[in-house]
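Residue numbers (this note's numbering): 93 to 354.
Think of the CB as a built atom: it goes at the ideal place given N, C-alpha and C, for glycine as much as any other residue.
None of these values were measured; they are calculated from a predicted model.
Data first, discussion second: the structure below is written as structure tokens.
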Amino acid sequence: MKEVRSVQQMADGKPIAFIADVHANLEALKAVISALNILGVKRIINLGDLVGYGPDPIPCIEAARRFSVNIMGNHDWALFDPERHTVTWASASAQRIIFWTAREMKKRTDLLKFVRAFPKSGQAGGMVFTHGCPVANNNRARMNTYVYPDPEKYLPVAMLFDGRLAFVGHTHLPMVGDANGMVMLPAGTRWEMELDPLRRYIINPGSVGQPRDHNPRPSFCILDGNQCSFYRVDYDVRTTMQKILANRVFNPAYAARLRAGR
């Protein structure tokens, strides 16, 4: 697993924001960045899937250049995967968006180079970062394997990942787990917990660009010492929906699901 050099000084006590699954939703990403600016949080770790599903891949990747760390997600990797045209994990409508995104990205080869350099996993200061599963046999599995609150699937992951804290994305659900199990968080505006320094946790900040917990507001979390705080913010979902509906590549259902948070 790659050591993430840019966050080796994280023991200095400054807060860190974790985001995931932006999915080319620029309005949602802007709302989260604005909230973090108000909160005074400068460090942002993106846990993958900047692209896919949404209409604004290029400006979202541009914004990610200012993040402390960017981890590769399965939709990001699909831009470079030689088997992109037979992606079995994506629906037909999602594949069309992947192909469209790849064509759009040819306009900005500098951004393609930037995304290609994303590590598929990383670690720093006792923390592990990955898009999917922190315990997997290979990088593709780390990107594509979900960590759901299923006791039979979750417990081995909780016990085996290398570190004290594992931060993951991929499910689009804000969740926290330890060796006793994993739970989805309530869909409020803010939720806080004090992490026991002697216990190990898996934490999912939820999704910025396509939440799936029936709450359409972007989700993110902030780690400040042993305090982990989850936030939801409002954003201009109507504008994102209009962009999707105006693009014939997109299934209109992708607009409807943003409003429903599913």
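Could you give the first and the last residue of the continuous beta strand (DSSP E) run that contains residue i?
i	result
leucine 203	Leucine 203 -> not in any beta strand (DSSP E); alpha helix (DSSP H) instead, spanning 201-208.
valine 220	219-222
glycine 214	213-216
phenylalanine 172	Run containing phenylalanine 172: none; DSSP gives neither H nor E here.
alanine 112	Alanine 112 -> no beta strand (DSSP E), and no H or E assigned at all.
Need the endpoints of the alpha helix (DSSP H) that residue i sits in, please.
i	result
phenylalanine 191	184-197
leucine 247	243-252
Counting contacts by CB-CB distance shorter than 8 Å, is residue i in contact with chain C?
i	result
arginine 349	The displayed structure is made up of one protein chain only, and chain C is not part of it.
Report the residue from the options whose alpha carbon sits nearest the alpha carbon of residue i.
i	options	result
leucine 308	Asp168, Phe159, Arg354, Val161	In the sequence on display, residue 308 carries proline and not leucine. The option with the nearest alpha carbon to proline 308 is Arg354.
aspartate 190	Gly105, Ala345, His115	Here residue 190 is isoleucine; the residue named in the question, aspartate, does not match the sequence. Taking only the C-alpha atoms, the option nearest isoleucine 190 is His115.
methionine 219	Phe110, Ser126, Tyr346, Arg349	Phe110
valine 268	Ile294, Ala120, Glu286	Ile294
isoleucine 336	Gly132, Leu118, Gly105, Pro107	Leu118
asparagine 272	Met285, Asn296, Pro241, Ser311	Pro241
alanine 352	Gly105, Gly301, Thr237	Gly301
tryptophan 283	His306, Ile314, Asp305	Ile314
aspartate 305	Met285, His262, Met197	His262
phenylalanine 342	Thr193, Leu139, Ala155	Thr193
glycine 217	Pro149, Gly255, Arg135	Gly255
alanine 186	Ala170, Thr201, Lys199	Ala170
threonine 57	Gln319, Glu244, Asn166	The chain is shown only over 93 to 354; residue 57 falls outside these bounds and no answer can be derived.
proline 289	Asp328, Val275, Lys198, Leu257	Leu257
glutamine 319	Asn296, Glu286, Tyr346, Arg330	Glu286
So what does DSSP say about residue i, is it helix, strand or coil?
i	result
leucine 350	helix
alanine 258	strand
glutamine 101	Interpretation of glutamine 101 is limited by its pLDDT of 48, a score under 50 that renders its predicted location unreliable; no figure is taken from the coordinates.
Does the distance from the C-beta atom of residue i to that of residue j stay below 8 Å?
i	j	result
phenylalanine 259	isoleucine 137	yes
proline 266	glycine 298	yes
valine 227	phenylalanine 253	yes
methionine 164	methionine 235	yes
arginine 291	aspartate 270	yes
proline 303	valine 325	no
glutamate 196	isoleucine 150	yes
leucine 142	aspartate 168	yes
- Message: Threshold first: 4 residues or longer. Then list the alpha helix (DSSP H) segments lying entirely within the stretch 265-345, N to C.
- Response: 329-338
- Taking only runs that begin and end inside the stretch 124-168, name each unbroken beta strand (DSSP E) of 3 or more residues, in chain order. 135-138
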